[in-house]
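Below is one structure; the comments refer to it alone.
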Amino acid sequence: MSSATTAGESIIEVNGITKTFGGVVANKNISLNVRKGGITGLIGPNGSGKTTLFNSIVGYHPIDGGSIKFSGEEISKFRVQEIARLGLMRTFQQTRIYGKMNCVENMLISVPHRKLGFWDMFASRDKETLERADRMLEFVGLYEKRWLLAGDLSFGQQKLLEFAMALMNEPTVLMLDEPTAGINPTLINGLIDRLKRANEEFGITLFVIEHNMRVIMNLAEHIYCLAHGEMLAEGKPEEIQNDQRVIDAYLGAH
Amino acid sequence: MWDNLQIMFSIPVLTLGMIIDGLLIGGIFALIAYGLALVWGVMNVKNLAQGDFVILGAYVTWWLYGYGINPIFGIPVAFAALWGLGWIIYKLVICRVIEHDLFTSLLATFGIAIVMQQTMKIVFGADEQTIALNLESFGFFDNLLTIQPTRLIAFISAIVLAVAVISFMKRSRMGQAIRATAQNPRAARVMGIDTEKVYSFTFSLNAAICGAAGGLISMIWEFQPFIGLIYSIRAFVIVTAAGLGNLAAVIAAGLGMGVVEQTGAFVFGTEYQQAIVVGLLVVVLLVKLVLSSRRRQVVE
Amino acid sequence: MNSIMNSPVAKFALYATILALGILLPMWFPNYTGQMTVMWMMVVFALTWDILGGQMGYNSLGNIFFFGAGMYATGMVQVGMFYDLAEYNSAAGGGIFNFTFSQYFTGMAAGFVVAAIVCVILAVILGRLVFGLRGPYFAIGTLAIATVVGELVSTWELVGGGQGMSMPNYPGDLGEAKFVFYSMMFVLAICTFAFLRWLYGSRFGLAINAIRDDEEKAEGMGIHTLRYKTVAWSIAAFFLGIAGAIYGNFNNFFEPIDVAFPTTTFGIFMVLMVLLGGKGTLWGPVIGAILFHVIKEVTWTYLLNLQWVALGLLIVVTVVYFQEGIMGWIMRKKPTWFGIRVEGEKQRLGDMR
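Those protein sequence lines, which keep their order, are chains A, B and C. Numbering of the first sequence is given in our numbering, commencing with residue 560 and proceeding in unit increments. Numbering of the second sequence is given in our numbering, commencing with residue 380 and proceeding in unit increments. Numbering of the third sequence is given in our numbering, commencing with residue 115 and proceeding in unit increments.
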């Protein structure tokens, strides 16, 4: 399937990638574009290959075919760290933070490493970074908890911390794997608001996997829908919402 | 060294003899490695005291032989004695390290290894011992190729034991429980399997296998209290090369290890045997490293 | 609330006391200078092991390799600068070959520098290999390297093979020599501690802690993990190499298996001392090393044949029942002493551990 280019310049261009695990085809000939400065959504039923696609893009495993371009550069052979240092960051579905360090330390070590040289390894803690860490923690609402060990936070708080760490890294693109899963429903609106602000104020392009339809319809300007490892549909939220194929896929009438 | 290599190529019968020797000994190595793969796979314990279980088994058999008891009867006693010891060690130490990180079990069993070595030294002395059965060896090709009957007996016994253990794992209820626990301990627990019992049984079984293997080794090689570590390393080499779940690969790697070690000892000299074993470990780890360092990979 | 460990007066008093004791003890008990030299070496062992083992979560069993490498490097330089190495070693060193005062000390200075540099280079090269190994494979791989090098050096005739090598004799009074080596080891221990104290306070400390907590996440965040790991290992190698160089001279003799690459004595002591004191802390290794060494020296002779059994039991008991170590235990009981906050407590800014 060829993908219709949305208005504006694409920052991630995925072209016909395929990934199989043993005989199981997880992604089959998938193409998509993520618009620079926008919020792009990725939906699909469980097991449709969303996380596999994410992992392929950020370099967690080799792909069997196709091309992935980031800012025009072919990255399908790059490894995780190299891609991260280009400014393409992801968060995990199963939240990952540094559990035995406190929140501030978690933030301080999440500075953008692509900008650091050899001797920066030994840099002492400067006031500026510390203040930025505090601001980011304030932004996600963890300021009060900042001296607690990250491992002692609740799951939802860890998720917010991971989001703050990603922002601290000043990525060009942030890929979020189910940011609202496991978060208290009363806090979801606040989170959507913060994601939008991150996009607008910090200019970070977002690419979001989401199960919660209400959230993704609210958030994304363009949505891709996967089913059984193949691209099922794409379009504006309204188009996706009314697409019969998407509805069938979600209701299991396939 | 080059001379020895030349001899190997000019007298193929000699080489054949070495290979046969290596295969016979490799059978015992495979047995020990199978035990290690068992505890590693089932309870994620990397047992560095593996070789010391083997040597203790050898001492038990040797000690009984001193009272005129034939190793044929001594080996089952070693099996039983090590079973008991394995159970005690499990209850005292191992059951408390299973839940911890990988390094803990390595270090705890290293401590156990030191305690066992030193105790064996105090009880049995530091001298090299062996059971000399003095059976006449079979000669072929004008005695250029000799096969020592003790090695043959040891090899056959190893096979018998291995077949017994494997069919036990396949057929019996306990064997099934062990395999289920290896795959997913939590699920096994939910399904009503007493994993604690499975763990203690597995560890005891491993110790017993080692004990029997030690009994076989006492008939073919000299041993002393501190030689155990090298048997542990052999087992690690085999398991690392073969992987945990693959029985055929463990056997193949064990036999291969025996052959490489025998020929290596001939080429470089027997004084290098230990260095060869450790060197093999380095080589196996390097190969593993190279294989896993393709450009992109999932980090374990 | 103020944390006791953070009070500047208490800190100053603590450091002053340790410095004073380090200087006064060998004067008060000159007969024990040798044991105290080894004690400071143990502190260096524990501190350097903890860089990887405690702070970075990479448990090496082969760090002792750098100790031996430093020893051999300095030995070869100190002798080779003035005599033919092969000739020296085939005559088993000692009496025939004399070193003047200036030869001895210039040789030693050059030897220490070379030892440190060689060890760092080796660490960088080996780091490329071993840091691809994870978990138990890393521990076993490093152990294998240290063991196999010990075996190989045993066959290297140029450096005396399995017979080992005698070091140049100290050109002067032997009592004086004891104090010289004591001072060197003491200064090395202090330097190691001070350096690591600074290091753990910098970004480096945070980065290796991050690797310990979740290496995959650290990679995903763009941290140059291999760079940090290699440098961490090089730092350990640097101090261990110098420790080995000093010890070789202090001991006046070394051979490959029991002195230079002793994986089953010093090599395992490092791990044990850190576990005993509390891994991943700055003071834990120091406390563990001093405690272990003192206990060992005091009880060793009374344990008769059971010393090694007792040692093995100590390892097992520590690993199984007391993994958190002394510092870990105190931190769990009194987290506020260390500036670790727990839920519900009044927060305070700017007070970093």
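Think of the CB as a built atom: it goes at the ideal place given N, C-alpha and C, for glycine as much as any other residue.
What are the boundary residues of the alpha helix (DSSP H) that residue i is part of?
i                      : result
residue 586 of chain A : It is not in any alpha helix (DSSP H) - residue 586 of chain A instead sits in the beta strand (DSSP E) that spans 583-594.
residue 186 of chain C : 178-194
residue 786 of chain A : First-last for residue 786 of chain A: 781-786, but that is the beta strand (DSSP E), not the alpha helix (DSSP H).
residue 436 of chain C : Where residue 436 of chain C is concerned, there is no enclosing alpha helix (DSSP H), given that its DSSP letter is neither H nor E.
residue 575 of chain B : 574-599
residue 382 of chain C : 380-391
residue 807 of chain A : 803-810
residue 655 of chain A : From DSSP, residue 655 of chain A is part of no alpha helix (DSSP H); its letter is neither H nor E.
residue 610 of chain A : 609-617
residue 310 of chain C : 288-315
residue 504 of chain B : Taken as a continuous stretch (DSSP letters only), residue 504 of chain B belongs to no alpha helix (DSSP H), as it is neither H nor E.
residue 566 of chain B : 564-569
So, with DSSP's three-state summary, where would you put residue i?
i                      : result
residue 670 of chain A : coil
residue 633 of chain A : strand
residue 537 of chain B : helix
residue 518 of chain B : strand
residue 792 of chain A : strand
residue 164 of chain C : helix
residue 684 of chain A : coil
residue 464 of chain C : Interpretation of residue 464 of chain C is limited by its pLDDT of 38, a score under 50 that renders its predicted location unreliable; no figure is taken from the coordinates.
residue 572 of chain A : strand
residue 748 of chain A : helix
residue 448 of chain C : coil
residue 661 of chain A : strand
residue 277 of chain C : helix
residue 799 of chain A : helix
residue 509 of chain B : coil
residue 577 of chain A : strand
residue 247 of chain C : coil
residue 622 of chain A : coil
residue 649 of chain A : strand
residue 649 of chain B : helix
residue 668 of chain B : helix
At least one CB of chain F closer than 8 Å to the CB of residue i: is that the case?
i                      : result
residue 381 of chain C : In the structure shown, chain F does not exist; the protein chains are A, B and C.
Beta-carbon separation of residue i and residue j under 8 Å?
i                      : j                      : result
residue 667 of chain A : residue 320 of chain C : yes
residue 607 of chain B : residue 457 of chain B : no
residue 468 of chain B : residue 491 of chain B : yes
residue 593 of chain A : residue 576 of chain A : no
residue 758 of chain A : residue 671 of chain A : no
residue 755 of chain A : residue 741 of chain A : no
residue 607 of chain A : residue 786 of chain A : yes
residue 177 of chain C : residue 417 of chain C : no
residue 485 of chain B : residue 251 of chain C : no
residue 358 of chain C : residue 229 of chain C : yes
residue 720 of chain A : residue 656 of chain A : yes
residue 411 of chain B : residue 644 of chain B : no
residue 723 of chain B : residue 494 of chain B : Because chain B spans 380 through 679 in this model, residue 723 of chain B falls outside it and cannot be assessed.
residue 611 of chain B : residue 496 of chain B : no
residue 464 of chain B : residue 586 of chain B : yes
residue 347 of chain C : residue 139 of chain C : no
residue 170 of chain C : residue 322 of chain C : yes
residue 421 of chain B : residue 560 of chain B : yes
residue 545 of chain B : residue 668 of chain B : no
Output the boundary residues of the beta strand (DSSP E) element that contains residue i.
i                      : result
residue 602 of chain A : 598-602
residue 768 of chain A : 764-768
residue 773 of chain A : Not the beta strand (DSSP E): residue 773 of chain A falls in the alpha helix (DSSP H), residues 772-778.
residue 734 of chain A : 732-736
residue 525 of chain B : 524-526
Shorter than 7 Å, the distance from the beta carbon of residue i to the closest heavy atom of the ligand SAH, or not?
i                      : result
residue 620 of chain A : The ligand SAH is not part of the structure shown, which contains no ligands of any sort.
Contact set between the region 240-258 of chain C and chain B, restricted to residues whose Cβ is under 8 Å from the partner: 243, 246, 247, 248, 249, 250, 251, 253, 254, 255 and 258
Give the residues from the region 604-623 of chain A that approach chain C closer than 8 Å (Cβ to any Cβ), ordered along the chain. 617
Would you list, in chain order, the members of the region 678-698 of chain A that have their beta-carbon closer than 8 Å to a beta-carbon of chain C? 679, 680, 681, 682, 683 and 684
Run through the region 423-467 of chain B for me and flag every whole alpha helix (DSSP H) of 4 or more residues, listed as ranges in chain order. 429-445
In chain order, what residues of the region 414-433 of chain C put their CB closer than 7 Å to some CB of chain B? 419, 422, 423, 425, 426, 427, 429, 430 and 433
Relative to chain B, which residues along the region 162-174 of chain C have a C-beta separation below 9 Å, given in chain order? 167, 171 and 173
Going along the chain, which residues of the region 726-749 of chain A sit with their C-beta nearer than 8 Å to a C-beta in chain C? 728
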